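Numbering-wise, the working numbering puts 299 at position 298 of the sequence shown, and it's gapless, one number per residue. Ideal placement from N, C-alpha and C gives every residue a C-beta, glycine not left out. The model shown is predicted, which means the values in this text are computed figures rather than measured ones.
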Amino acid sequence: MLDRPVRIGVIGCGAQGQNHCRVIRELGETEAVVAAFCDLSEERLAKAGQLWPHARAAKDFRKMLEPGDLDLVIVATMPNTHASMCLAAIEAGANVLCEKPFMMNLEEAVQVLGAAAKAGKQVQVGTNMRYMSTSRYLRDLVVSGQVGDPVFCKAWGCHHSPPVWGPHYELAKSGGGVLASTLIHGLDLAIWVGGAPNPVSVSASSRRLFPGKRGSVVSPEITARFDAEDLLTALVRFDNGATYVLEGNWCDEVKDWHRFELVTTRGTLINNTPFSVKMDEEGKVVDRTPELQGREDWNDGWQESIRFQDADVIGRLRQGKAWELQDHRQLLNMQKVVDGCYESARLGREIAV
Ligand SMILES: NC(=O)c1ccc[n+]([C@@H]2O[C@H](COP(=O)([O-])OP(=O)(O)OC[C@H]3O[C@@H](n4cnc5c(N)ncnc54)[C@H](O)[C@@H]3O)[C@@H](O)[C@H]2O)c1
Numbered sequence: 002m003l004d005r006p007v008r009i010g011v012i013g014c015g016a017q018g019q020n021h022c023r024v025i026r027e028l029g030e031t032e033a034v035v036a037a038f039c040d041l042s043e044e045r046l047a048k049a050g051q052l053w054p055h056a057r058a059a060k061d062f063r064k065m066l067e068p069g070d071l072d073l074v075i076v077a078t079m080p081n082t083h084a085s086m087c088l089a090a091i092e093a094g095a096n097v098l099c100e101k102p103f104m105m106n107l108e109e110a111v112q113v114l115g116a117a118a119k120a121g122k123q124v125q126v127g128t129n130m131r132y133m134s135t136s137r138y139l140r141d142l143v144v145s146g147q148v149g150d151p152v153f154c155k156a157w158g159c160h161h162s163p164p165v166w167g168p169h170y171e172l173a174k175s176g177g178g179v180l181a182s183t184l185i186h187g188l189d190l191a192i193w194v195g196g197a198p199n200p201v202s203v204s205a206s207s208r209r210l211f212p213g214k215r216g217s218v219v220s221p222e223i224t225a226r227f228d229a230e231d232l233l234t235a236l237v238r239f240d241n242g243a244t245y246v247l248e249g250n251w252c253d254e255v256k257d258w259h260r261f262e263l264v265t266t267r268g269t270l271i272n273n274t275p276f277s278v279k280m281d282e283e284g285k286v287v288d289r290t291p292e293l294q295g296r297e298d299w300n301d302g303w304q305e306s307i308r309f310q311d312a313d314v315i316g317r318l319r320q321g322k323a324w325e326l327q328d329h330r331q332l333l334n335m336q337k338v339v340d341g342c343y344e345s346a347r348l349g350r351e352i353a354v
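Quick look at the structure:
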């Protein structure tokens with residue numbers, strides 16, 4: 002229990018760090034304060050300072066982390082820095098909300114989760130889509146057994162053009178392109194809704210279609226640094242017998258969404274475009290999509306899901322409750338799927354994970 006606002010440090014004040022700074026401000030200073038933030042860029046420090054003028058600002062994250070001062074550190078830099086920042090935050094006595102993708106590889110994930118367990122600190126990864134109302138509704142349907150067992154799923158993460166607001170296209174910083182940056186959202190959600198089974202094997206293929214596609218809409222400076230995959234397809238097998246087919250595409254002419262279609266032994270669940278629950282009832286296909294009109298508590302907005310996520314971890318810290326969204330097994334499994342997809346694509350064959 003905390004009888005004071007949660008004290009937060011934000012590392013990285015780029016696109017997503019600014020989102021966190023803003024949603025924490027919206028929660029109100031009785032709940033939480035950004036007590037410190039850090040970025041390499043003066044401009045971004047100044048922008049964060051407009052939202053949190055009394056917080057201490059630093060360029061070096063180690064100087065930002067005063068031992069025992071922060072309850073929570075949000076790591077919102079690119080993945081190549083996540084491991085060292087999470088470890089330093091844990092060492093300084095903080096719990097950690099780390100942006101997705103969690104780590105550059107499984108070794109880093111094992112090291113960070115091991116350090117957290119040893120220090121008795123909690124780690125959550127920014128899988129904010131789990132906080133959307135539709136996601137929770139579908140997950141409850143599956144885990145309560147109402148729709149039978151998951152058997153097959155298609156999951157997409159597609160955009161009409163590559164995201165270039167941050168260096169997500171630069172492998173040394175991102176650890177991966179469309180899979181690690183975009184598809185991971187819909188994939189994590191589809192696995193979680195499907196009961197979080199353990200992955201067994203992966204067969205993946207990856208390509209880069211940029212700059213043959215979309216080349217003219219991206220600056221020459223970014224084009225010169227763009228070395229990540231922008232198309233990734235995969236088949237993942239799980240220990241409950243379910244198979245998942247994945248498609249991530251940053252140069253998609255048709256799809257612009259994070260979406261999944263989950264087939265179970267009794268029906269088919271689709272999370273959006275449009276949200277639908279169709280069931281087999283005595284041989285007939287019956288539409289069981291709930292009526293959502295007028296429900297004030299139903300919210301699938303992207304920014305809102307980040308606010309719900311931050312409010313959840315902050316609220317639990319205040320009440321002395323454990324974070325329950327993910328466990329270490331789920332975080333390691335997601336890292337195994339991501340690592341496995343890149344390894345399988347490199348080798349050109351299916352691999353065990
Ligand atoms: N959950 C979501 O909806 C969502 C949305 C966007 C990005 N993200 C994730 O957030 C992370 C950051 O992405 P972004 O789009 O904000 O990138 P970005 O490039 O806009 O921001 C990253 C910031 O980190 C700073 N930085 C880099 N190295 C640093 C260091 N050593 N010390 C301090 N600051 C440092 C950079 O100067 C930059 O301002 C990524 O992991 C990305 O996948 C999540």
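- The three-state reading of DSSP puts Glu-248 in strand, counting E and B together.
- Apart from the 5 residues on each side of it in sequence, Arg-63 sits with its Cβ closer than 7 Å to the Cβ of Ala-89 in its chain, given in chain order.
- Here Gly-341 carries a helix assignment [DSSP, helix/strand/coil].
- The beta carbons of Gly-249 and Trp-193 sit no closer together than 9 Å.
- Taking C-beta atoms under 8 Å as the contact rule, Leu-142 and Val-278 qualify, at a distance of about 7 Å.
- In terms of CA proximity to Asp-70, Val-7 leads the group Thr-78, Gly-18, Val-7, Ala-191.
- In the three-state DSSP reduction, Ser-204 falls in the strand class (E or B).
- Here the alpha carbons of Ser-136 and Val-111 stand approximately 27 Å from one another.
- For a cut-off of 8 Å, the C-beta gap from Val-35 to Val-11 is around 6 Å, short enough to register as a contact.
- Taking the Cα of Val-354 as reference, the smallest distance to any Cα among Met-133, Leu-114, Leu-236 is reached at Leu-236.
- In this structure, DSSP gives Phe-153 an extended state, which the three-state scheme calls strand.
- Residue environment: His-55 is assigned as exposed (fewer than 16 neighbouring CB atoms within 10 Å of its CB, all protein chains considered).
- The criterion of a C-beta distance shorter than 9 Å is satisfied by Val-165 and Ser-220.
- One thing to note: Leu-348 has its Cβ no nearer than 9 Å to the Cβ of Leu-107.
- A contact is defined here as three or more CB-CB pairs under 8 Å, and the segment 171-181 meets this definition with respect to the segment 215-234.
- By the neighbour-count criterion, in which 16 or more other beta carbons inside 10 Å mark a residue as buried, Leu-41 falls on the exposed side.
- Taking C-beta separations shorter than 7 Å and ignoring five residues to either side along the sequence, the partners of Arg-140 in its chain run Trp-193, Val-194, following chain order.
- In the three-state reduction of the DSSP assignment, Phe-309 falls in the helix class.
- Within the chosen limit of 8 Å, ligand 1 reaches the beta carbon of Gln-17 through at least one heavy atom.
- Per DSSP, reduced to three states, the secondary structure at Leu-73 is strand.
- For Glu-222, the enclosing alpha helix (DSSP H) stretches over residues 221-226.
- Taking the Cα of Val-255 as reference, the smallest distance to any Cα among Ser-162, Lys-174, Gly-321, Arg-330 is reached at Ser-162.
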